[in-house]
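Asker: Residue 573 in full-length UniProt numbering sits at position 573 of the sequence shown, and the numbers go up by one each step.
The beta carbon of each residue, even a glycine, is placed where N, CA and C say it ideally should be.
Given the structure is predicted, the values throughout are model-derived calculations rather than measurements.
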Amino acid sequence: VLFGEPRIFGGKRNDATGYGPIFEEEPLDIVYTKESPDRHISMNCRARANPAPTYRWRRDNWEIKLMELPNEHYSLVGGNLIINNPEEKKHAGIYVCVAKNMYGTVISKEAKVKFGYLEEFPDEERDPVTVKEGQGAVLLCVPPKRWPAEVTFRWIYNEFPVFLHPDKRRFVSQSTGNLYISKVEASDAGNYSCYVFNPQIGKGVYSKFIPLISTEEKKRYKADLVVKFPDTTAMLNYNVTLECFALGNPAPHIVWRKIGATDLPASAQVSMSGALLHLYNVQYEDSAGYECEAINQKWQDWHQAWLYVEAAPEWAVTINNTQKDIGSEHTMSCVANGKPVPYIRWLKDGYSVKMPVLSLTGTLTITVIGYVGDTGSVYIFSSVCVCVCLCVCVCDTEATQITVAPEDTQVMVGEEVHLQCQASFDPSLDITFIWSLDFRVINFYLEWKHYERIMDREDSGELKIMNVQLRHEGRYTCTAQTVVDNVTASADLKVKGLPAPPGGVRVEEIRDTSVKLVWNQGADHGSPILGYTIQTRDFYALTEVDWKDASTSPTPLGGRSVMADVVDLYPWMEYEFRVYATNGFGDGEASIPSMKIKTWDAVPVVAPTNVGGYGGKDGELVITWTPVQPQYFYGKKFGYVVAFKPHDDVDWWYETISDPETRRYVHRDASFRVKSNDFQVREFQVKVKTFNSKGDGPYSLSTTVYYPRDVPSESPTDVYSRPVSSHEALVWWIPVMDTGTGLQQYIDGYQVKYWRKYDDTEPGANRIFVPASMNQTRLENMLPDSHYLIEVRAYNGAGVGPPSEHCEMFTKRAPPSVAPQMWRYISYSGKWLYVWWHHIPYDWFGNESFPLYYKVMFRKTGYITGPIYMTGWHFIDFPMPQVGDYELEVRGRYEGGDGPIRKIRLQGKASFLRPTLSLATMLLLALCIVILGI
Numbered sequence: 001v002l003f004g005e006p007r008i009f010g011g012k013r014n015d016a017t018g019y020g021p022i023f024e025e026e027p028l029d030i031v032y033t034k035e036s037p038d039r040h041i042s043m044n045c046r047a048r049a050n051p052a053p054t055y056r057w058r059r060d061n062w063e064i065k066l067m068e069l070p071n072e073h074y075s076l077v078g079g080n081l082i083i084n085n086p087e088e089k090k091h092a093g094i095y096v097c098v099a100k101n102m103y104g105t106v107i108s109k110e111a112k113v114k115f116g117y118l119e120e121f122p123d124e125e126r127d128p129v130t131v132k133e134g135q136g137a138v139l140l141c142v143p144p145k146r147w148p149a150e151v152t153f154r155w156i157y158n159e160f161p162v163f164l165h166p167d168k169r170r171f172v173s174q175s176t177g178n179l180y181i182s183k184v185e186a187s188d189a190g191n192y193s194c195y196v197f198n199p200q201i202g203k204g205v206y207s208k209f210i211p212l213i214s215t216e217e218k219k220r221y222k223a224d225l226v227v228k229f230p231d232t233t234a235m236l237n238y239n240v241t242l243e244c245f246a247l248g249n250p251a252p253h254i255v256w257r258k259i260g261a262t263d264l265p266a267s268a269q270v271s272m273s274g275a276l277l278h279l280y281n282v283q284y285e286d287s288a289g290y291e292c293e294a295i296n297q298k299w300q301d302w303h304q305a306w307l308y309v310e311a312a313p314e315w316a317v318t319i320n321n322t323q324k325d326i327g328s329e330h331t332m333s334c335v336a337n338g339k340p341v342p343y344i345r346w347l348k349d350g351y352s353v354k355m356p357v358l359s360l361t362g363t364l365t366i367t368v369i370g371y372v373g374d375t376g377s378v379y380i381f382s383s384v385c386v387c388v389c390l391c392v393c394v395c396d397t398e399a400t401q402i403t404v405a406p407e408d409t410q411v412m413v414g415e416e417v418h419l420q421c422q423a424s425f426d427p428s429l430d431i432t433f434i435w436s437l438d439f440r441v442i443n444f445y446l447e448w449k450h451y452e453r454i455m456d457r458e459d460s461g462e463l464k465i466m467n468v469q470l471r472h473e474g475r476y477t478c479t480a481q482t483v484v485d486n487v488t489a490s491a492d493l494k495v496k497g498l499p500a501p502p503g504g505v506r507v508e509e510i511r512d513t514s515v516k517l518v519w520n521q522g523a524d525h526g527s528p529i530l531g532y533t534i535q536t537r538d539f540y541a542l543t544e545v546d547w548k549d550a551s552t553s554p555t556p557l558g559g560r561s562v563m564a565d566v567v568d569l570y571p572w573m574e575y576e577f578r579v580y581a582t583n584g585f586g587d588g589e590a591s592i593p594s595m596k597i598k599t600w601d602a603v604p605v606v607a608p609t610n611v612g613g614y615g616g617k618d619g620e621l622v623i624t625w626t627p628v629q630p631q632y633f634y635g636k637k638f639g640y641v642v643a644f645k646p647h648d649d650v651d652w653w654y655e656t657i658s659d660p661e662t663r664r665y666v667h668r669d670a671s672f673r674v675k676s677n678d679f680q681v682r683e684f685q686v687k688v689k690t691f692n693s694k695g696d697g698p699y700s701l702s703t704t705v706y707y708p709r710d711v712p713s714e715s716p717t718d719v720y721s722r723p724v725s726s727h728e729a730l731v732w733w734i735p736v737m738d739t740g741t742g743l744q745q746y747i748d749g750y751q752v753k754y755w756r757k758y759d760d761t762e763p764g765a766n767r768i769f770v771p772a773s774m775n776q777t778r779l780e781n782m783l784p785d786s787h788y789l790i791e792v793r794a795y796n797g798a799g800v801g802p803p804s805e806h807c808e809m810f811t812k813r814a815p816p817s818v819a820p821q822m823w824r825y826i827s828y829s830g831k832w833l834y835v836w837w838h839h840i841p842y843d844w845f846g847n848e849s850f851p852l853y854y855k856v857m858f859r860k861t862g863y864i865t866g867p868i869y870m871t872g873w874h875f876i877d878f879p880m881p882q883v884g885d886y887e888l889e890v891r892g893r894y895e896g897g898d899g900p901i902r903k904i905r906l907q908g909k910a911s912f913l914r915p916t917l918s919l920a921t922m923l924l925l926a927l928c929i930v931i932l933g934i
């Protein structure tokens, strides 16, 4: 609808500025679905006028009573019509917006409200398709009812989400959804499901699986065209695709021709191994007959059809605002080009004009019949009608409108952002989307590393910005342009990056346990720096990235800090330092490490741990300890001082050990030997301390070491064992009683020895040593389904005592070596994940152990652990996670232990909660399992 702002002339009304309504925004077609999270429909309408217009709405030519009667569904916000809780029977239809003021009335273009749907496939089982190898096969999709009708077809092979990839032998028709296989091979055998996805309502459904069974017989078959394109009408400057596919063995080769021409049009492109012919930017000269020919060694087949090219109406001559004297005649003309010839109609104040003269050129003659006032101005009212006729010449094309505009976005450096831009436009026209940054048109060929225009839909020109940098900040404008008109929408992109790394990190003062560190501030990248963190890496760091946060003074470090004391360092340790800043968007990149420095040395403060020992043979006293870690040496010339004495003596004996890695010392003294008249175990007090070049460190706590008279004379009794799995067992016994110092058979612990009765020798048996305070242990690294002997002995520094009676035990059979086969399904709403798997069959006479239950672990990708759920069923359902990547693992638990893991990966769509095993879920999954034949 074309309106201008008329100038006002004449006498007393020279200062008038009034004009009739001019639409700035008109309602658009809307497809609403019951699954939509928004429980309302908003139809926009905005007009510019002076005085401001009033708005009314009509549905199917009936006016909606918005002012007179309250309505629970309809409400008016400005000029926008809001439909709350829409219902198909009440609210589907054709809507128009009417804007009116004292100078005229305009009616918007029609906007349709339709309710989209995609029904489920029938529950009936699909019959199997049996075909001989080398023959062609057709799997029928038979898609369900739907609206809108524009959908995409894909085929699932054996399990979701394994989709079939079309190639020279396999073709999926986007007209019928059928899957065509020109030459069946043995690898094609399996289960196929037709997947239908409606992008406008965001829903997909898939059919029951169709088994494809191939029998072994390899013959050659002639080429047979089964997909043939019909006569097609394309719009000028639009794109069109023609389909053609043939069955046969060998797989036929497809050749395309333009009838009456030697070559295909320059804009033509053949894809999908010849099955598709794409004609881009169709012109009138492309209108012709087209032929596809399928050729193989046995035969050739061909098909011909016609392509017609038509053009949408386009204005050649338009009307303008005009003033005329009362009683005069005025002729307005408009001319439109198109194929076929456009029909032209006239509107006055939004209503059709009954024209005495009508021609294909769009000429309208008006006689001005009214006169009121004293100036002769055209804007004077008569008592019959408005003398000024705001007339409109309308051609049947729809105005281009932005339906989804880009939104102001804030993004961090290095991330990816999508700016949406969708437009409605006349289907007879081609549309182009142009993006600019601060009025500079983006060159997608030169700036491909950061910019990409996603054209997955004809009405969408989404902009994808990858690895966003600070220079990408600014105002982005999307222009939706056709040959008739264009509209724009803009949005601001704010790039809020992490702070830059600080510079000039250096150490100015060095002490034994602290240093003074200085640095220069880096750029804040659009967000004030909140604080700094200092990290250290010492000489014993395992990797180059093994940095640790340091303790500082003051704590914490503010955003304006440029120096700090790093405290709680190890003396005599080599360090390097780095600093990173934090702002409102997170932690920035760390600075370049400082030069390496070494703190001053100091007296050691850490004593050895786990000091102990035992008495050996021939007067040996063995003293053991755990050495101090190198970071606690605190200086050079580090070593140990070992002190010991008999329990009743006053004086200590001292031995100096200069090797810092030493962990035992053996002292030999003939006086320690056991004499025949000794009836008690001899006791020694031992302790160990550290030293370095700066001085001596503290002693460890004193420990009593016993010197036994002889090896233990008694053996443990009542040795029992129980298999835990196919590789592990538990063994326990009654310990040797009364092990006090008053007995001659003092023990340090027990030796457990185990071996296979018929397959191993006792000298090669596995051995485990257990402290005297324990009377049980776990045996590991055993072989499944084997007969073992177990023996337990007590031991001390003098040797091992007599063996216990042998305990015999059989390990369990091993779990299966194959993980259970698993499937998954995500509900159409995307809120629930359903997982099911095979029961593992059990063979009573086989070598595998009996299944007990299943263990399911759901964890975030990169995490080692997660919640574990145990179930005796072979299915479970989870609410889908909202964000992030997750892994779901299923494994069987058997008498012989855990079986192998089956894992699937997920991308989050909904919040994660604890799983439930509902009755409805069990029935659904049981039905799916029956369908899959398990």
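For residue 432, is the classification buried or exposed, using 16 other Cβ atoms within 10 angstroms of its Cβ as the cut-off for buried?
Answerer: Here residue 432 corresponds to residue number 432 of the sequence shown, with the count starting at 1. That one is exposed.
Asker: Check residue 90 in the structure and name its three-state DSSP category.
Answerer: In the sequence shown, residue 90 corresponds to position 90, counting from 1. Of the three classes helix, strand and coil, the one that applies to residue 90 here is helix, per DSSP.
Asker: Can you look up residue 367 in the DSSP assignment and give me helix, strand or coil?
Answerer: One-based indexing of the sequence shown puts residue 367 at position 367. Summary for residue 367: the model assigns pLDDT 47, below 50, so the residue's position carries little reliability; its value from the coordinates is reported in the next sentence. If DSSP states are grouped into helix, strand and coil, residue 367 belongs with the strands.
Asker: Which class does residue 266 belong to by DSSP, given the choice of helix, strand or coil?
Answerer: Taking the sequence shown and counting its residues from 1, the one referred to as residue 266 is at position 266. Here residue 266 sits in coil by DSSP.
Asker: Quick check on DSSP: helix, strand or coil for residue 135?
Answerer: Taking the sequence shown and counting its residues from 1, one reaches residue 135 at position 135. Coil.
Asker: Got a sec, what are the start and stop residues for the beta strand (DSSP E) residue 44 sits in?
Answerer: Stepping through the sequence shown from its first residue, residue 44 is reached at position 44. No beta strand (DSSP E) holds residue 44; DSSP gives it neither H nor E.
Asker: Can you check the segment 832 to 904 for any beta strand (DSSP E) of at least 3 residues that lies completely inside it and give the ranges in chain order?
Answerer: Counting only runs of 3 or more, we get 832 to 837, 851 to 860, 868 to 871, 875 to 879, 885 to 894.
Asker: Less than 8 Å between the C-beta atoms of residue 721 and residue 731, yes or no?
Answerer: For the purposes of this step, residue 721 is taken as residue 721 along the sequence shown, with counting starting at 1. For the purposes of this step, residue 731 is taken as residue 731 along the sequence shown, with counting starting at 1. Yes. Within cutoff.
Asker: How about residue 161 and residue 104: do their beta carbons lie closer than 8 Å?
Answerer: As a first step, residue 161 must be located in the sequence shown, where it is residue number 161. As a first step, residue 104 must be located in the sequence shown, where it is residue number 104. Taking 8 Å as the Cβ cut-off, residue 161 and residue 104 do not qualify as a contacting pair.
Asker: Please return the same chain residues whose Cβ sits closer than 6 Å to the Cβ of residue 839, not counting the five positions on each side in sequence.
Answerer: Walking along the sequence shown from the start, residue 839 turns up at place 839. So the qualifying residues of the chain are 874.
Asker: Are three or more beta carbon pairs between the segment 119 to 134 and the segment 189 to 209 nearer than 8 Å?
Answerer: In short, these stretches touch, since the Cβ pair count reaches three.
Asker: When the Cβ atoms of the segment 460 to 468 are set against those of the segment 296 to 310, are three or more pairs found closer than 8 Å?
Answerer: No, the segment 460 to 468 does not touch the segment 296 to 310.
Asker: By the DSSP assignment, the beta strand (DSSP E) with residue 486 in it spans what residues?
Answerer: Position 486 of the sequence shown, counted from the first residue, corresponds to residue 486. Run containing residue 486: 486 to 495, per the beta strand (DSSP E) assignment.
Asker: For residue 421, list the residues DSSP reports as bridge partners.
Answerer: Here residue 421 refers to the residue found at position 421 when the sequence shown is read from its first residue. In the DSSP output, where bridge partners are listed per residue, residue 421 has none listed.
Asker: Which word fits residue 42, buried or exposed, when buried means at least 16 other C-beta atoms lie within 10 angstroms of its C-beta?
Answerer: As a position in the sequence shown, residue 42 is number 42, starting the count at 1. Looking at its Cβ environment, which holds fewer than 16 other Cβ atoms inside 10 Å, residue 42 is exposed.
Asker: Please name the residue in 779, 777, 788, 737 whose C-alpha comes closest to that of residue 761.
Answerer: The residue you call residue 761 lines up with position 761 of the sequence shown. Looking at the Cα atoms, 788 is the closest of the given residues.
Asker: Classify residue 546: buried if its beta carbon has 16 or more other beta carbons within 10 angstroms, exposed otherwise.
Answerer: By 1-based counting over the sequence shown, the position of residue 546 is 546. Residue 546 comes out exposed.
Asker: Can you give me the C-alpha to C-alpha distance between residue 253 and residue 170, rounded to a whole angstrom?
Answerer: Position 253 of the sequence shown, counted from the first residue, corresponds to residue 253. Position 170 of the sequence shown, counted from the first residue, corresponds to residue 170. Using only the alpha carbons, I get a separation of about 13 Å.
Asker: Are there three or more Cβ pairs, one per stretch, closer than 8 Å when the segment 510 to 528 is compared with the segment 564 to 580?
Answerer: At 8 Å Cβ cutoff, the stretches touch.
Asker: Relative to the C-alpha of residue 243, which residue among 589, 270, 415, 422 is closest?
Answerer: For the purposes of this step, residue 243 is identified with residue 243 of the sequence shown, where counting begins at 1. Here the closest residue by C-alpha is 270.
Asker: Give the straight-line distance between the Cα atoms of residue 592 and residue 473, rounded to the nearest whole angstrom.
Answerer: Against the sequence shown, residue 592 aligns to sequence position 592. Against the sequence shown, residue 473 aligns to sequence position 473. Using only the alpha carbons, I get a separation of about 28 Å.
Asker: With residue 642 and residue 628 assumed to form a contact (beta carbons below 8 Å), what rounded beta-carbon distance in angstroms separates them?
Answerer: For the purposes of this step, residue 642 is taken as the residue at position 642 of the sequence shown. For the purposes of this step, residue 628 is taken as the residue at position 628 of the sequence shown. Not really, about 14 Å apart at Cβ, beyond 8 Å.
Asker: Helix, strand or coil for residue 121? Go by DSSP, reduced to three states.
Answerer: Indexing the sequence shown from 1 puts residue 121 at position 121. Reduced to three states, the DSSP call for residue 121 is coil.
Asker: Is residue 336 closer than 8 Å to residue 316 when the C-beta atoms are compared?
Answerer: Residue mapping note: residue 316 aligns to position 316 of the sequence shown, counting from 1. Residue mapping note: residue 336 aligns to position 336 of the sequence shown, counting from 1. Going by C-beta atoms, residue 316 is nearer than 8 Å to residue 336.
Asker: The beta strand (DSSP E) that contains residue 165, what's its start and end?
Answerer: Translated into the one-based positions of the sequence shown, residue 165 becomes position 165. Unbroken run through residue 165: none, as it is neither H nor E.
Asker: Helix, strand or coil for residue 706, going by three-state DSSP, please let me know.
Answerer: Within the sequence shown, residue 706 is the residue found at index 706, counting from 1. Strand at residue 706.
Asker: Are residue 857 and residue 864 close, meaning C-beta to C-beta below 8 Å?
Answerer: Counted from its first residue, the sequence shown places residue 857 at position 857. Counted from its first residue, the sequence shown places residue 864 at position 864. Cβ atoms of residue 857 and residue 864: not closer than 8 Å.
Asker: For residue 767, which of 778, 536, 92 has the nearest alpha-carbon?
Answerer: For the purposes of this step, residue 767 is identified with residue 767 of the sequence shown, where counting begins at 1. For residue 767, the nearest C-alpha among the options comes from 778.
Asker: Tell me, which residues are paired with residue 578 by DSSP?
Answerer: Residue mapping note: residue 578 aligns to position 578 of the sequence shown, counting from 1. BP columns for residue 578 point to 535.
Asker: With a CB to CB cut of under 8 Å and the five nearest residues on each side skipped, what residues in its chain are close to residue 27?
Answerer: Taking the first residue of the sequence shown as 1, we reach residue 27 at position 27. Closer than 8 Å at Cβ, skipping near neighbours: 43, 44, 45, 81, 95, 96, 97, 108, 109, 111.
Asker: On the DSSP bridge assignment, give the partners of residue 22 in chain order.
Answerer: The sequence position of residue 22 within the sequence shown is 22, counting from 1. DSSP, once it has assigned bridges, lists 48 as partnering residue 22.
Asker: I need the DSSP call for residue 291, collapsed to helix, strand or coil.
Answerer: In the sequence shown, counting from the first residue as 1, residue 291 sits at position 291. Reduced to three states, the DSSP call for residue 291 is strand.
Asker: DSSP puts residue 297 in a beta bridge; with which residues?
Answerer: The count along the sequence shown starts at 1 and reaches residue 297 at position 297. Paired residue(s): none; residue 297 is not in a bridge.
Asker: Are residue 656 and residue 639 closer than 8 Å when you measure CB to CB?
Answerer: Taking the sequence shown and counting its residues from 1, one reaches residue 656 at position 656. Taking the sequence shown and counting its residues from 1, one reaches residue 639 at position 639. Yes; because the gap between Cβ atoms is below 8 Å, this pair is in contact.
Asker: Indicate the three-state DSSP secondary structure (helix, strand or coil) for residue 764 in the structure shown.
Answerer: As a first step, residue 764 is located in the sequence shown; it is residue number 764 there, counting from the start. Helix.
Asker: Let me make sure I understand the geometry here. Which of 630, 669, 684 has the alpha-carbon closest to that of residue 662?
Answerer: One-based indexing of the sequence shown puts residue 662 at position 662. The option with the nearest alpha carbon to residue 662 is 630.
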